[in-house]
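Peer 1: Residue numbers (full-length UniProt numbering): 1 to 424. Before anything else, here's the structure in question.
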Amino acid sequence: MTDEPCSKRTKRHDRWGDSSSEDEDEAPRNSPVTGISNCCDSNQRSLPDQTKNSNSLHPSENSIVTGARDGQTRNISTEEIIDKAKGKFRKHNPGIHGCREVSSSYERISRISEGTYGIVWRARDVATNEIVALKQIKFHDDLVHDGFPHPALREIWALLALSHECIVNVREMVVGTRSDRVFMAMDYMEMDLSTALDRCDKTGNPLPQSELKMVMHNILSGMLHIHENWYMHRDMKTSNILIRRSSGRACICDFGLARKYSSPPKIYTQLVITLWYRPPELLFGTNVYGPEVDIWSTGCIFGELFTKSALMQGCGELDQIEKIFRLLGGPNEENWPNFKSLPNAKNFRWRSKNGPPQIHKLFPINGFSTGGSRTYLDVRGLDLLCKMLTLDPKKRIGAAEALQHPYFTEGVKMQKPRFVFDDE
(Lines of atoms letter the chains of each structure in order from A; the text may use other names.)
(Lines give C-alpha, C1' and ligand atoms only; values in the text may rest on other atoms or scores of the structure.)
Protein backbone atom coordinates (compact mmCIF):
# COMPACT_ATOMS: atom_id res chain seq x y z
CA MET A 1 0.00 0.00 0.00
CA THR A 2 1.43 3.37 -1.00
CA ASP A 3 0.77 6.80 0.42
CA GLU A 4 -0.28 9.68 -1.79
CA PRO A 5 1.14 13.15 -1.16
CA CYS A 6 -0.96 15.44 0.97
CA SER A 7 -1.06 19.08 1.92
CA LYS A 8 1.22 20.13 4.76
CA ARG A 9 -1.10 22.86 5.90
CA THR A 10 -3.82 22.09 8.40
CA LYS A 11 -7.33 22.57 7.04
CA ARG A 12 -8.91 24.95 9.54
CA HIS A 13 -12.36 24.05 10.84
CA ASP A 14 -15.18 26.38 11.74
CA ARG A 15 -14.94 27.61 15.29
CA TRP A 16 -17.63 26.62 17.82
CA GLY A 17 -17.10 23.07 16.64
CA ASP A 18 -19.25 20.65 14.76
CA SER A 19 -17.93 17.12 14.78
CA SER A 20 -17.97 16.17 11.14
CA SER A 21 -18.74 12.50 11.54
CA GLU A 22 -20.84 10.43 13.85
CA ASP A 23 -19.19 7.63 15.72
CA GLU A 24 -20.71 4.24 16.36
CA ASP A 25 -20.74 3.64 20.07
CA GLU A 26 -20.84 -0.08 19.75
CA ALA A 27 -17.22 -0.72 18.87
CA PRO A 28 -16.89 -2.12 15.33
CA ARG A 29 -15.07 -5.33 14.54
CA ASN A 30 -11.34 -4.82 14.48
CA SER A 31 -10.00 -4.82 10.95
CA PRO A 32 -6.66 -6.39 9.99
CA VAL A 33 -3.76 -4.01 9.55
CA THR A 34 -4.31 -3.99 5.78
CA GLY A 35 -7.71 -2.50 6.48
CA ILE A 36 -6.31 0.62 8.13
CA SER A 37 -7.53 3.58 6.12
CA ASN A 38 -5.00 5.17 3.79
CA CYS A 39 -7.31 7.88 2.47
CA CYS A 40 -5.47 11.13 1.82
CA ASP A 41 -8.13 13.42 3.27
CA SER A 42 -6.38 13.96 6.59
CA ASN A 43 -9.24 15.84 8.20
CA GLN A 44 -12.01 13.31 7.59
CA ARG A 45 -12.57 10.22 9.70
CA SER A 46 -12.66 7.25 7.36
CA LEU A 47 -15.60 5.34 8.77
CA PRO A 48 -16.57 1.87 7.59
CA ASP A 49 -19.85 1.85 5.68
CA GLN A 50 -21.71 0.27 8.57
CA THR A 51 -20.80 3.19 10.85
CA LYS A 52 -21.44 6.20 8.65
CA ASN A 53 -25.18 6.33 9.24
CA SER A 54 -25.23 4.87 12.70
CA ASN A 55 -27.17 6.86 15.28
CA SER A 56 -27.26 4.25 18.03
CA LEU A 57 -26.24 5.04 21.57
CA HIS A 58 -24.21 2.69 23.71
CA PRO A 59 -26.63 0.65 25.89
CA SER A 60 -24.93 1.79 29.08
CA GLU A 61 -25.58 5.40 28.12
CA ASN A 62 -29.17 4.85 26.99
CA SER A 63 -30.28 4.00 30.50
CA ILE A 64 -29.10 7.46 31.60
CA VAL A 65 -30.18 9.47 28.60
CA THR A 66 -33.49 7.91 27.64
CA GLY A 67 -34.57 6.14 30.79
CA ALA A 68 -34.49 2.74 29.10
CA ARG A 69 -34.07 -0.24 31.38
CA ASP A 70 -32.39 -3.65 31.20
CA GLY A 71 -30.35 -2.71 28.15
CA GLN A 72 -33.40 -1.80 26.06
CA THR A 73 -33.16 1.34 23.96
CA ARG A 74 -35.67 3.84 22.70
CA ASN A 75 -35.54 7.19 20.95
CA ILE A 76 -35.73 10.39 22.94
CA SER A 77 -38.05 13.14 21.80
CA THR A 78 -37.39 16.86 21.60
CA GLU A 79 -39.94 17.46 24.35
CA GLU A 80 -38.10 15.07 26.67
CA ILE A 81 -34.69 16.64 26.11
CA ILE A 82 -36.12 20.11 26.75
CA ASP A 83 -37.78 18.92 29.98
CA LYS A 84 -34.58 17.23 31.10
CA ALA A 85 -32.50 20.26 30.14
CA LYS A 86 -34.69 22.53 32.28
CA GLY A 87 -33.98 20.38 35.30
CA LYS A 88 -30.27 20.27 34.57
CA PHE A 89 -30.12 24.03 34.07
CA ARG A 90 -31.63 24.54 37.48
CA LYS A 91 -29.10 22.14 38.95
CA HIS A 92 -25.95 23.40 37.23
CA ASN A 93 -26.95 26.99 36.43
CA PRO A 94 -29.31 28.20 39.18
CA GLY A 95 -29.73 31.60 37.52
CA ILE A 96 -31.34 30.16 34.39
CA HIS A 97 -35.12 29.76 34.42
CA GLY A 98 -35.98 27.11 31.86
CA CYS A 99 -36.33 27.47 28.10
CA ARG A 100 -37.45 30.70 26.46
CA GLU A 101 -38.73 31.25 22.93
CA VAL A 102 -35.89 32.15 20.56
CA SER A 103 -37.47 34.95 18.51
CA SER A 104 -38.48 36.96 21.56
CA SER A 105 -35.19 36.34 23.37
CA TYR A 106 -32.44 36.76 20.76
CA GLU A 107 -31.81 38.87 17.69
CA ARG A 108 -29.66 37.01 15.18
CA ILE A 109 -26.97 39.30 13.74
CA SER A 110 -24.84 37.16 11.44
CA ARG A 111 -24.01 33.55 10.70
CA ILE A 112 -20.65 32.41 12.10
CA SER A 113 -20.47 28.88 10.73
CA GLU A 114 -22.47 25.89 9.60
CA GLY A 115 -21.67 22.22 10.02
CA THR A 116 -23.27 18.80 9.80
CA TYR A 117 -25.25 19.12 13.01
CA GLY A 118 -25.72 22.81 13.54
CA ILE A 119 -25.67 26.43 12.47
CA VAL A 120 -23.97 28.95 14.75
CA TRP A 121 -25.14 32.56 14.82
CA ARG A 122 -23.77 35.69 16.38
CA ALA A 123 -26.78 37.01 18.26
CA ARG A 124 -27.84 39.65 20.78
CA ASP A 125 -29.75 38.90 23.95
CA VAL A 126 -32.64 41.39 23.72
CA ALA A 127 -32.99 41.51 27.52
CA THR A 128 -29.36 42.24 28.40
CA ASN A 129 -27.96 43.46 25.04
CA GLU A 130 -25.09 40.96 25.42
CA ILE A 131 -23.58 39.27 22.36
CA VAL A 132 -23.88 35.48 22.45
CA ALA A 133 -23.28 32.50 20.17
CA LEU A 134 -26.57 30.84 19.25
CA LYS A 135 -26.21 27.29 17.99
CA GLN A 136 -29.22 25.90 16.13
CA ILE A 137 -29.36 22.12 16.21
CA LYS A 138 -30.03 20.58 12.82
CA PHE A 139 -32.73 17.93 12.52
CA HIS A 140 -31.99 15.99 9.35
CA ASP A 141 -34.86 14.38 7.49
CA ASP A 142 -33.70 10.89 8.43
CA LEU A 143 -33.46 11.88 12.10
CA VAL A 144 -36.58 13.96 12.69
CA HIS A 145 -38.78 10.91 13.14
CA ASP A 146 -36.15 9.06 15.15
CA GLY A 147 -35.99 11.51 18.03
CA PHE A 148 -33.39 14.06 19.11
CA PRO A 149 -30.08 13.94 17.15
CA HIS A 150 -27.65 11.93 19.25
CA PRO A 151 -24.48 14.00 18.61
CA ALA A 152 -26.34 17.12 19.76
CA LEU A 153 -27.73 15.19 22.71
CA ARG A 154 -24.22 14.19 23.77
CA GLU A 155 -22.98 17.76 23.52
CA ILE A 156 -25.89 19.16 25.53
CA TRP A 157 -25.55 16.52 28.22
CA ALA A 158 -21.81 17.05 28.59
CA LEU A 159 -21.97 20.85 28.62
CA LEU A 160 -24.77 20.88 31.17
CA ALA A 161 -22.82 18.52 33.42
CA LEU A 162 -19.62 20.58 33.22
CA SER A 163 -19.02 24.03 34.67
CA HIS A 164 -15.55 25.53 34.40
CA GLU A 165 -14.01 28.80 33.27
CA CYS A 166 -11.97 26.95 30.63
CA ILE A 167 -14.98 25.17 29.08
CA VAL A 168 -17.43 27.03 26.87
CA ASN A 169 -20.47 28.04 28.91
CA VAL A 170 -24.01 27.18 27.83
CA ARG A 171 -26.30 29.90 29.16
CA GLU A 172 -29.60 28.30 28.26
CA MET A 173 -31.54 26.35 25.70
CA VAL A 174 -34.21 28.16 23.71
CA VAL A 175 -36.83 26.80 21.35
CA GLY A 176 -38.75 27.87 18.27
CA THR A 177 -42.39 27.42 17.46
CA ARG A 178 -41.72 23.95 16.03
CA SER A 179 -40.40 20.91 17.86
CA ASP A 180 -37.38 20.70 15.54
CA ARG A 181 -36.20 24.24 16.36
CA VAL A 182 -33.86 23.93 19.32
CA PHE A 183 -30.97 26.29 20.12
CA MET A 184 -28.09 26.48 22.59
CA ALA A 185 -27.14 29.98 23.75
CA MET A 186 -23.44 30.08 24.64
CA ASP A 187 -20.93 32.72 25.66
CA TYR A 188 -19.57 34.40 22.55
CA MET A 189 -15.85 34.05 21.85
CA GLU A 190 -14.17 35.97 19.09
CA MET A 191 -11.62 33.47 17.73
CA ASP A 192 -10.45 29.88 17.87
CA LEU A 193 -6.88 28.81 18.60
CA SER A 194 -6.36 27.50 15.08
CA THR A 195 -7.05 30.94 13.60
CA ALA A 196 -4.92 32.60 16.28
CA LEU A 197 -1.91 30.43 15.42
CA ASP A 198 -2.39 31.10 11.71
CA ARG A 199 -2.25 34.83 12.37
CA CYS A 200 0.89 34.50 14.45
CA ASP A 201 2.46 32.51 11.62
CA LYS A 202 1.47 34.97 8.87
CA THR A 203 2.51 38.10 10.78
CA GLY A 204 5.80 36.61 11.96
CA ASN A 205 5.02 37.74 15.51
CA PRO A 206 5.02 34.64 17.74
CA LEU A 207 3.67 34.76 21.26
CA PRO A 208 6.37 34.42 23.94
CA GLN A 209 6.61 31.27 26.01
CA SER A 210 5.03 32.96 29.03
CA GLU A 211 1.82 33.52 27.07
CA LEU A 212 1.78 30.12 25.37
CA LYS A 213 2.28 28.58 28.80
CA MET A 214 -0.93 30.29 29.97
CA VAL A 215 -2.84 28.90 26.96
CA MET A 216 -1.66 25.39 27.73
CA HIS A 217 -2.48 25.77 31.43
CA ASN A 218 -6.03 26.82 30.51
CA ILE A 219 -6.52 23.82 28.23
CA LEU A 220 -5.20 21.34 30.79
CA SER A 221 -7.33 22.93 33.53
CA GLY A 222 -10.46 22.47 31.43
CA MET A 223 -9.37 18.94 30.55
CA LEU A 224 -8.87 18.06 34.22
CA HIS A 225 -12.43 19.18 34.98
CA ILE A 226 -13.77 17.08 32.10
CA HIS A 227 -11.92 13.98 33.28
CA GLU A 228 -12.79 14.51 36.95
CA ASN A 229 -16.43 14.39 35.90
CA TRP A 230 -15.86 11.09 34.09
CA TYR A 231 -16.09 12.43 30.56
CA MET A 232 -13.81 11.99 27.57
CA HIS A 233 -13.87 14.77 24.98
CA ARG A 234 -12.60 12.63 22.07
CA ASP A 235 -12.09 15.47 19.59
CA MET A 236 -9.42 17.78 20.99
CA LYS A 237 -7.75 19.98 18.35
CA THR A 238 -6.84 23.64 17.94
CA SER A 239 -10.10 24.50 16.16
CA ASN A 240 -12.02 23.24 19.21
CA ILE A 241 -10.29 25.72 21.52
CA LEU A 242 -11.94 29.15 21.67
CA ILE A 243 -10.23 32.35 22.82
CA ARG A 244 -12.04 34.87 25.03
CA ARG A 245 -10.96 38.35 24.00
CA SER A 246 -11.40 40.10 27.33
CA SER A 247 -9.20 37.71 29.30
CA GLY A 248 -7.24 35.84 26.64
CA ARG A 249 -8.52 32.64 28.25
CA ALA A 250 -8.65 29.45 26.17
CA CYS A 251 -11.89 27.44 26.47
CA ILE A 252 -12.66 23.94 25.22
CA CYS A 253 -15.71 23.54 22.96
CA ASP A 254 -17.46 20.99 20.71
CA PHE A 255 -18.56 18.04 22.84
CA GLY A 256 -20.39 16.21 20.03
CA LEU A 257 -18.17 13.13 20.48
CA ALA A 258 -17.94 13.32 24.27
CA ARG A 259 -18.68 10.16 26.25
CA LYS A 260 -18.87 9.13 29.85
CA TYR A 261 -16.15 6.66 30.79
CA SER A 262 -15.81 4.25 33.67
CA SER A 263 -13.24 2.29 35.62
CA PRO A 264 -12.48 -0.31 34.44
CA PRO A 265 -12.82 1.07 30.88
CA LYS A 266 -15.65 -0.12 28.66
CA ILE A 267 -15.67 -0.89 24.95
CA TYR A 268 -15.95 2.16 22.70
CA THR A 269 -15.42 2.85 19.03
CA GLN A 270 -11.89 3.71 17.91
CA LEU A 271 -13.31 5.87 15.10
CA VAL A 272 -13.00 9.17 16.97
CA ILE A 273 -10.58 12.12 17.11
CA THR A 274 -9.40 13.94 13.98
CA LEU A 275 -6.57 11.96 12.38
CA TRP A 276 -3.66 14.31 13.11
CA TYR A 277 -4.58 14.32 16.81
CA ARG A 278 -5.45 10.63 17.14
CA PRO A 279 -3.34 8.52 19.55
CA PRO A 280 -1.51 5.43 18.31
CA GLU A 281 -3.59 2.96 20.35
CA LEU A 282 -6.71 4.02 18.42
CA LEU A 283 -4.87 3.80 15.10
CA PHE A 284 -3.96 0.22 16.01
CA GLY A 285 -7.58 -0.65 16.71
CA THR A 286 -8.05 -0.69 20.47
CA ASN A 287 -11.64 -0.28 21.61
CA VAL A 288 -10.92 -0.19 25.34
CA TYR A 289 -9.61 3.21 26.39
CA GLY A 290 -10.10 6.16 28.71
CA PRO A 291 -9.17 9.84 29.17
CA GLU A 292 -5.57 9.22 28.13
CA VAL A 293 -6.70 9.59 24.49
CA ASP A 294 -7.50 13.26 25.24
CA ILE A 295 -4.04 13.77 26.76
CA TRP A 296 -2.38 12.64 23.51
CA SER A 297 -4.51 15.06 21.48
CA THR A 298 -3.77 17.86 23.96
CA GLY A 299 -0.05 17.07 23.64
CA CYS A 300 -0.39 17.52 19.88
CA ILE A 301 -1.97 20.92 20.55
CA PHE A 302 0.89 21.77 22.94
CA GLY A 303 3.48 21.14 20.24
CA GLU A 304 1.42 23.04 17.67
CA LEU A 305 1.52 26.17 19.85
CA PHE A 306 5.23 26.36 19.05
CA THR A 307 5.43 24.97 15.51
CA LYS A 308 2.24 26.78 14.29
CA SER A 309 1.22 23.68 12.32
CA ALA A 310 0.07 20.18 13.27
CA LEU A 311 2.96 18.03 14.49
CA MET A 312 2.05 14.88 12.55
CA GLN A 313 0.13 15.44 9.32
CA GLY A 314 -0.53 11.96 8.01
CA CYS A 315 -2.24 11.16 4.71
CA GLY A 316 -4.35 8.36 6.11
CA GLU A 317 -3.89 6.10 9.10
CA LEU A 318 -0.84 4.17 7.89
CA ASP A 319 1.01 7.37 7.09
CA GLN A 320 -0.08 8.85 10.42
CA ILE A 321 1.42 5.88 12.25
CA GLU A 322 4.67 6.31 10.31
CA LYS A 323 4.85 9.98 11.22
CA ILE A 324 4.19 9.27 14.91
CA PHE A 325 6.99 6.70 15.09
CA ARG A 326 9.34 8.91 13.05
CA LEU A 327 8.83 11.77 15.53
CA LEU A 328 8.84 9.77 18.76
CA GLY A 329 10.55 6.49 17.92
CA GLY A 330 8.94 3.11 17.41
CA PRO A 331 7.39 0.77 20.00
CA ASN A 332 9.40 -1.88 21.78
CA GLU A 333 9.14 -4.06 24.87
CA GLU A 334 10.53 -1.29 27.06
CA ASN A 335 8.43 1.70 26.01
CA TRP A 336 5.18 -0.14 25.10
CA PRO A 337 5.13 -3.70 26.47
CA ASN A 338 1.57 -4.46 25.36
CA PHE A 339 1.90 -3.11 21.84
CA LYS A 340 1.73 -6.51 20.12
CA SER A 341 -1.58 -7.26 21.83
CA LEU A 342 -3.33 -4.46 19.90
CA PRO A 343 -5.70 -5.74 17.19
CA ASN A 344 -3.83 -4.23 14.22
CA ALA A 345 -0.26 -4.48 15.54
CA LYS A 346 0.55 -8.11 14.79
CA ASN A 347 1.26 -7.69 11.09
CA PHE A 348 2.46 -4.09 11.17
CA ARG A 349 5.88 -3.38 9.65
CA TRP A 350 7.47 -0.02 10.36
CA ARG A 351 9.26 1.19 7.24
CA SER A 352 11.46 3.77 9.02
CA LYS A 353 12.43 1.52 11.90
CA ASN A 354 16.12 2.41 11.86
CA GLY A 355 15.64 6.18 11.92
CA PRO A 356 16.23 8.07 15.20
CA PRO A 357 13.36 10.03 16.81
CA GLN A 358 13.00 13.49 15.29
CA ILE A 359 11.39 15.31 18.22
CA HIS A 360 14.64 16.92 19.40
CA LYS A 361 15.25 18.28 15.90
CA LEU A 362 11.73 19.72 15.78
CA PHE A 363 12.14 21.26 19.25
CA PRO A 364 15.81 22.23 19.60
CA ILE A 365 16.85 23.29 23.08
CA ASN A 366 18.85 26.51 23.13
CA GLY A 367 19.27 29.61 25.24
CA PHE A 368 16.64 31.68 23.46
CA SER A 369 12.89 31.53 24.13
CA THR A 370 12.03 33.36 20.90
CA GLY A 371 13.93 33.44 17.66
CA GLY A 372 12.84 34.65 14.25
CA SER A 373 9.22 33.70 13.56
CA ARG A 374 8.86 31.06 16.27
CA THR A 375 9.06 30.57 20.02
CA TYR A 376 11.26 27.77 21.28
CA LEU A 377 10.12 25.26 23.87
CA ASP A 378 12.40 25.09 26.90
CA VAL A 379 13.75 21.88 28.40
CA ARG A 380 10.92 21.62 30.97
CA GLY A 381 8.31 22.09 28.27
CA LEU A 382 9.90 19.43 26.08
CA ASP A 383 9.86 17.01 29.00
CA LEU A 384 6.14 17.65 29.53
CA LEU A 385 5.44 17.30 25.81
CA CYS A 386 7.20 13.93 25.71
CA LYS A 387 5.21 12.74 28.73
CA MET A 388 1.94 13.73 27.02
CA LEU A 389 3.00 12.03 23.77
CA THR A 390 4.07 8.79 25.44
CA LEU A 391 3.26 5.86 23.14
CA ASP A 392 2.00 3.56 25.90
CA PRO A 393 -1.33 5.01 27.12
CA LYS A 394 -0.79 3.42 30.55
CA LYS A 395 2.38 5.49 31.02
CA ARG A 396 0.96 8.74 29.61
CA ILE A 397 0.80 11.62 32.07
CA GLY A 398 -2.63 12.66 33.39
CA ALA A 399 -4.08 16.19 33.42
CA ALA A 400 -3.65 16.67 37.18
CA GLU A 401 0.00 15.59 37.12
CA ALA A 402 0.66 17.70 34.02
CA LEU A 403 -0.60 20.82 35.79
CA GLN A 404 1.93 20.19 38.59
CA HIS A 405 4.81 19.72 36.15
CA PRO A 406 7.87 22.01 36.61
CA TYR A 407 7.05 23.60 33.25
CA PHE A 408 4.20 25.43 34.99
CA THR A 409 5.69 25.78 38.48
CA GLU A 410 9.19 26.92 37.49
CA GLY A 411 10.78 29.15 34.85
CA VAL A 412 9.06 32.12 33.25
CA LYS A 413 5.73 33.13 34.80
CA MET A 414 2.49 32.81 32.86
CA GLN A 415 1.04 35.94 31.29
CA LYS A 416 -2.21 36.80 29.50
CA PRO A 417 -1.93 35.96 25.80
CA ARG A 418 -2.05 38.93 23.43
CA PHE A 419 -3.75 37.49 20.37
CA VAL A 420 -4.62 39.73 17.42
CA PHE A 421 -8.36 39.91 16.74
CA ASP A 422 -10.25 40.96 13.63
CA ASP A 423 -10.52 44.69 14.34
CA GLU A 424 -6.96 45.17 15.54
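For every residue, glycine included, the Cβ atom is placed at its ideal position computed from N, Cα and C. Being a predicted model, the structure only gives us computed values, none of them experimental.
Who does glutamine 136 pair with in a DSSP beta bridge?
Peer 2: Residue mapping note: residue 136 aligns to position 136 of the sequence shown, counting from 1. DSSP links glutamine 136 through a beta bridge to Ile119 and Phe183.
Peer 1: According to DSSP, is alanine 250 helix, strand or coil?
Peer 2: Numbered from its first residue, the sequence shown carries residue 250 at position 250. Here alanine 250 sits in strand by DSSP.
Peer 1: Here's the rule: buried if 16 or more other CB atoms are within 10 angstroms of the residue's CB, otherwise exposed. What is serine 297?
Peer 2: For this step, residue 297 is matched to residue 297 along the sequence shown. Sixteen is the threshold: when 16 or more other Cβ atoms of the shown chains lie within 10 Å of the Cβ of serine 297, as they do, the residue is buried.
Peer 1: By the three-class DSSP mapping on this structure, what secondary structure does methionine 232 have?
Peer 2: Residue mapping note: residue 232 aligns to position 232 of the sequence shown, counting from 1. Correct three-state label for methionine 232: strand.
Peer 1: So which of Phe325, Arg100 and Thr195 has the shortest CA-CA distance to threonine 238?
Peer 2: Working through the sequence shown from its first residue, we reach residue 238 at position 238. The shortest Cα separation from threonine 238 among Phe325, Arg100 and Thr195 belongs to Thr195.
Peer 1: What does leucine 193 pair with, by DSSP beta-bridge criteria?
Peer 2: The sequence position of residue 193 within the sequence shown is 193, counting from 1. None; leucine 193 has no bridge partner.
Peer 1: Of all the options Pro280, Glu292, Ser247 and Ile273, which has the alpha carbon lying nearest to the alpha carbon of serine 263?
Peer 2: Position 263 of the sequence shown, counting from 1, holds the residue named residue 263. Nearest option by C-alpha distance: Glu292.
Peer 1: Hey, could you find the ends of the alpha helix (DSSP H) valine 293 is sitting in?
Peer 2: By one-based count along the sequence shown, residue 293 stands at place 293. It spans 292-307 - the alpha helix (DSSP H) in which valine 293 sits, taken as one unbroken run.
Peer 1: Between the beta-carbon of leucine 207 and the beta-carbon of arginine 418, is there less than 8 Å?
Peer 2: The count along the sequence shown starts at 1 and reaches residue 207 at position 207. The count along the sequence shown starts at 1 and reaches residue 418 at position 418. With a cutoff of 8 Å on beta-carbon distance, leucine 207 and arginine 418 are scored as near each other.
Peer 1: For arginine 69, which three-state DSSP category applies?
Peer 2: If you number the sequence shown from 1, residue 69 lands on position 69. Any reading at arginine 69 needs caution, since the residue's pLDDT is 36, under 50, leaving its predicted position unreliable; the model's value is listed next. Of the three classes helix, strand and coil, the one that applies to arginine 69 here is coil, per DSSP.
Peer 1: Please determine if the region 162-181 and the region 245-260 are in contact, where contact requires at least 3 C-beta pairs separated by less than 8 Å.
Peer 2: yes
Peer 1: Rounded to whole angstroms, what's the CA-CA distance from aspartate 192 to leucine 342? Just pull it up for me.
Peer 2: For the purposes of this step, residue 192 is identified with residue 192 of the sequence shown, where counting begins at 1. For the purposes of this step, residue 342 is identified with residue 342 of the sequence shown, where counting begins at 1. Taking the straight line from one Cα to the other gives about 35 Å.
Peer 1: Any contact between the region 210-223 and the region 259-276? By contact I mean 3 or more CB pairs, one from each, below 8 Å.
Peer 2: No, the region 210-223 is not in contact with the region 259-276.
Peer 1: Out of curiosity, what's the CA-to-CA distance linking glutamate 107 and arginine 244?
Peer 2: What you label residue 107 is simply residue 107 of the sequence shown in a count that begins at 1. What you label residue 244 is simply residue 244 of the sequence shown in a count that begins at 1. Approximately 21 Å, taken between the alpha carbons.
Peer 1: Compare the Cα-Cα distances from phenylalanine 306 to each of Met232, Ile359, Gln270 and Met186 and report the closest residue.
Peer 2: Mapped onto the sequence shown, residue 306 falls at position 306. Nearest C-alpha to phenylalanine 306: Ile359.
Peer 1: Between which two residues does the alpha helix (DSSP H) containing glutamate 281 stretch?
Peer 2: Along the sequence shown, read from residue 1 onward, the residue named residue 281 stands at position 281. Start and end: 280-283.
Peer 1: Can you list the alpha helix (DSSP H) stretches of 4 or more residues lying completely in the region 396-423, in chain order?
Peer 2: Under the rule that a run must span 4 or more residues, the alpha helix (DSSP H) segments found entirely inside the region 396-423 read 399-403 and 406-409.
Peer 1: Apply the 10 Å Cβ neighbour rule to asparagine 344 and answer buried if 16 or more other Cβ atoms are within range, or exposed otherwise.
Peer 2: By 1-based counting over the sequence shown, the position of residue 344 is 344. That one is buried.
Peer 1: Which of helix, strand or coil does DSSP assign to aspartate 125?
Peer 2: Taking the first residue of the sequence shown as position 1, residue 125 is located at position 125. It is a strand residue.
Peer 1: Which word fits threonine 409, buried or exposed, when buried means at least 16 other C-beta atoms lie within 10 angstroms of its C-beta?
Peer 2: Taking the first residue of the sequence shown as position 1, residue 409 is located at position 409. With fewer than 16 Cβ atoms within 10 Å of its Cβ, threonine 409 is classed as exposed.
Peer 1: Could you tell me which of Ile137, Arg122 and Glu130 sits nearest to threonine 116, measuring between CA atoms?
Peer 2: As a working mapping, residue 116 is identified with position 116 in the sequence shown. For the residues Ile137, Arg122 and Glu130, the minimum Cα distance to threonine 116 belongs to Ile137.
Peer 1: Between the alpha carbons of phenylalanine 139 and glutamate 211, how many angstroms are there, rounded?
Peer 2: Locating residue 139 in the sequence shown gives position 139, where the first residue counts as 1. Locating residue 211 in the sequence shown gives position 211, where the first residue counts as 1. Whole-angstrom Cα-Cα distance: 41 Å.
Peer 1: Give the secondary structure of serine 113 by DSSP, where H, G and I count as helix, E and B as strand, and everything else as coil.
Peer 2: As a working note, residue 113 is residue 113 in the sequence shown. Correct three-state label for serine 113: strand.
Peer 1: Of all the options Gly299, Asp187 and Phe339, which has the alpha carbon lying nearest to the alpha carbon of arginine 124?
Peer 2: In the sequence shown, residue 124 corresponds to position 124, counting from 1. When only C-alpha atoms are compared, the closest one is Asp187.
Peer 1: Please name the residue or residues paired with glutamate 107 in a DSSP beta bridge.
Peer 2: Residue mapping note: residue 107 aligns to position 107 of the sequence shown, counting from 1. DSSP, once it has assigned bridges, lists Arg124 as partnering glutamate 107.
Peer 1: Here's a check: name, in chain order, each residue in its chain whose Cβ is nearer than 7 Å to the Cβ of serine 331, leaving out the five neighbours to either side.
Peer 2: In the sequence shown, residue 331 corresponds to position 331, counting from 1. The sequence as given places proline at residue 331; serine does not occur at that position. Contacts found: Phe339 and Leu391.
Peer 1: Please report the straight-line C-alpha distance between serine 247 and lysine 416, rounded to a whole angstrom.
Peer 2: By 1-based counting over the sequence shown, the position of residue 247 is 247. By 1-based counting over the sequence shown, the position of residue 416 is 416. The alpha-carbon atoms of serine 247 and lysine 416 are separated by roughly 7 Å.
Peer 1: Which of helix, strand or coil does DSSP assign to lysine 266?
Peer 2: Residue mapping note: residue 266 aligns to position 266 of the sequence shown, counting from 1. Note: lysine 266 maps to coil in three-state DSSP.
Peer 1: Starting from valine 272, follow the alpha helix (DSSP H) in both directions and report where the run begins and ends.
Peer 2: Here residue 272 corresponds to residue number 272 of the sequence shown, with the count starting at 1. Counting along the chain, valine 272 falls outside any alpha helix (DSSP H), and DSSP gives it neither H nor E.
Peer 1: Cα separation between isoleucine 397 and methionine 236?
Peer 2: As a working note, residue 397 is residue 397 in the sequence shown. As a working note, residue 236 is residue 236 in the sequence shown. So the alpha carbons of these two residues sit roughly 16 Å apart.
Peer 1: Is it true that the CB of histidine 233 sits closer than 8 Å to the CB of isoleucine 226?
Peer 2: Here the question's residue 226 lines up with position 226 in the sequence shown. Here the question's residue 233 lines up with position 233 in the sequence shown. Yes. Within cutoff.
Peer 1: Quick one: residues in its chain with C-beta nearer than 6 Å to the C-beta of tyrosine 407, no 5 flanking neighbours on either side, listed in chain order?
Peer 2: Here residue 407 refers to the residue found at position 407 of the sequence shown. Arg380, Gly381 and Leu384.
Peer 1: Using three-state DSSP, classify lysine 346 as helix, strand or coil.
Peer 2: As a first step, residue 346 must be located in the sequence shown, where it is residue number 346. Coil, per DSSP.
Peer 1: Locate the beta strand (DSSP E) running through serine 170, then write down its first and last residues.
Peer 2: Position 170 of the sequence shown, counted from the start, is the residue given in the question as residue 170. Reading off the sequence shown, one finds valine at residue 170, where the question assumed serine. It spans 170-175 - the beta strand (DSSP E) in which valine 170 sits, taken as one unbroken run.
Peer 1: Which residue's Cα is closest to the Cα of phenylalanine 421: Gln313, Glu172 and Thr203?
Peer 2: On the sequence shown, residue 421 is found 421 positions in, with the first residue counted as 1. Selected option, being the one with the closest Cα: Thr203.
Peer 1: If you follow the beta strand (DSSP E) that isoleucine 324 is in, where does it begin and where does it stop?
Peer 2: Here residue 324 is taken as the residue at index 324 of the sequence shown, counted from 1. Careful: isoleucine 324 lies outside any beta strand (DSSP E), inside the alpha helix (DSSP H) at 317-328.
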